[in-house]
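One structure is given here, and the rest of the page talks about it.
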Amino acid sequence: MGSDDSDEKKIYESKTFTSLEEIFEGCKCYVTKDDIERVVEVLAINKRRNILKFYVHYDDFNKRLDEWVVAEERVIMEKGYMIPVIPPEDPKKKKQKKTSDKKKQQSNGSVTENKNENIVDMDSLNVQGISTEEISREAEIDRLRTSGSMIQNPHQVARIRNFTKVIIGEYEVEPWYFSAYPIELTDNDEIYIDDFTLEYFGSKKQYERFRSKCSLRHPPGNEIYRDDYVSFFEIDGKNQRKWCRNLCLLSKLFLDHKTLYYDVDPFLFYCMTRRDEYGHRLVGYFSKEKMSQENYNVACILTLPQYQRKGYGRLLIEFSYELSKVEKKTGSPEKPLSDLGLLSYRAYWADVLIKLLCEINFENKMNSEISVEEISALTSITVQDILHTAGVLGILRYHKGQHMIFITDELLARYEKLKNSKKRRIHPQFLHWSPPSFTQGQLKFGF
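If you count by this note's numbering, then the sequence shown holds residues -15 to 431, one letter each, in order.
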């Protein structure tokens, strides 16, 4: 992901450096990154102990690469810098804006001041104790939740990471994004998180004191799956609000397009753990709406960074579809997916489709013919996702007036590799679960 869409409309004027102090938020300049010159936008400025630092976003790169840089060491002063220029407003648009503002004034009774584009989004800062308006808890929930979705407009997400280091149990990881932990915890730039309770602390001493007294050794829900490798726990957001809110806070450190929801009641959380001599350690999870109008089987999905690239993400995806099979439904993840999420789902859908088609072909089942609808019923993958995957694989053809899927030599070669792979799998026989049912009263959320 590159810069925001609004950034494309900005006009910049080049300037020559006389001092690094000339830089202000919103400027662009050149810095070195791995011995390569990069253009960055300065999102924030910090000066401590006479050391000037810029929090920068690299043009045309994902936000997870945003970082603090020491200005004196990294900024290439001889290249100059660029300041944003506000273009003269179109008279027609200006007139329309005045009319619109007047209508808002009549409907609201007052006109609120326009936000400076260089200021971090105040909605995100509210949760850290900076209040811009009085708002009831009910109104806050309504404003945050739209149709039970955990997705928020990315422009409303704070742009500046508030920690440089996160210690989760015995692992030390670098956060990717902002998360709305209490502002008093950000003084030391690091946060300690207990990987059983997900409670958070500003110092190692506080964390160790808590750990010595706490007896919880697994997520606070029902264990519905266990094999010799992983377990899954089902947790109702309404019954375990604090734990699930802590999970959302932790997730926001690594997910850009998700937002913190204090209203976790509409969701079930399925948490995957690994067992050791101390208990069940959280590896990843996915959440699911108790009632999804769009039949999504996943609202949010995350493998914690210390466990990524080890096959756990695929297990989470596979488990979500095993639940859908028990429900006798088709399902799909809530959109938009992150870049990594889309790659993971495409890989899973491709493997399932290749395996099914090739096995039918080899065993000559159904005379080697099967409809997309039948594939969907067998796998719980939606027809749309099957067609999308077939298109990506290049096996979807238009033949005699209808779309057909053809098995190619390349597909057969991929199947042979798939057969010989040692990927971990979910074993349905170890799943002990019945789809939860809720009354209309239980599906009314809010306060």
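C-beta atoms are modelled at their ideal positions from N, C-alpha and C, and glycine is treated no differently.
The Cβ atoms of I208 and F253 do not sit closer than 8 Å to each other. Annotation: I152 to T423 spans about 37 Å, alpha carbon to alpha carbon.
Annotated three-state conformation of T287 is strand, per DSSP. Per the C-alpha coordinates, the member of L337, L377, F1 and G378 positioned closest to E358 is L337.
Straight-line measurement puts the Cα of G378 at about 32 Å from the Cα of Y269. Counting only residues of its own chain and dropping the five nearest sequence neighbours on each side, H416 has a CB closer than 8 Å to the CB of I208 and Y209. One alpha carbon belongs to N46, the other to L237, and they sit about 14 Å apart. With respect to the C-alpha of Y165, the residue from E56, Y296, L231 and K189 having the closest C-alpha is L231. In this structure, the straight-line span from the alpha carbon of D212 to that of L234 is close to 27 Å.
E400 and T314 have their C-alpha atoms roughly 27 Å apart. Residue environment for K272: buried (at least 16 other C-beta atoms within 10 angstroms of its C-beta). Going by C-alpha positions, T257 is about 23 Å away from K149. In this structure, the CA atom of G205 is about 14 Å from the CA atom of D249.
Judged by DSSP in its simplified three-state form, A28 adopts strand.
Residue environment for R293: exposed (fewer than 16 other C-beta atoms within 10 angstroms of its C-beta). When DSSP states are grouped into helix, strand and coil, Q224 belongs to the coil group.
In the displayed model, P68 falls within a strand according to three-state DSSP. In the DSSP assignment, E51 forms a beta bridge with V40. About 12 Å separates the beta carbon of E311 from that of Y280, a gap too long to meet the 8 Å contact definition. Ranked by Cα distance from E5, the first of R22, K(-6) and I29 is I29.
Contact annotation: the segment 177 to 185 does not touch the segment 61 to 71, with fewer than three C-beta pairs closer than 8 Å. Within the DSSP secondary-structure output, N206 pairs in a beta bridge with E218. Inter-residue distance for D18 and T392 is about 43 Å (C-alpha atoms, whole angstroms). Here DSSP, grouped into helix, strand and coil, assigns Y165 to coil.
Linking H383 to D50 through their CA atoms gives a straight-line distance of about 49 Å.
Under the criterion of beta carbons closer than 8 Å, S322 and D240 qualify as touching, at roughly 7 Å.
For F303 against C255, the beta-carbon gap comes to about 11 Å, at or over 8 Å, which does not count as contact.
Burial check for I410: the Cβ neighbour count within 10 Å reaches 16 or more, so the residue is buried. When only Cα atoms are considered, K222 and K428 end up about 11 Å apart.
Listed in chain order, the beta strand (DSSP E) elements of length 3 or more contained wholly in the segment 301 to 338 amount to none. The continuous beta strand (DSSP E) containing N281 extends over residues Y280 to V282. Between the alpha carbons of S328 and E174 lies a distance of about 30 Å. Note on geometry: alpha-carbon atoms of F194 and K188 lie some 10 Å from one another.
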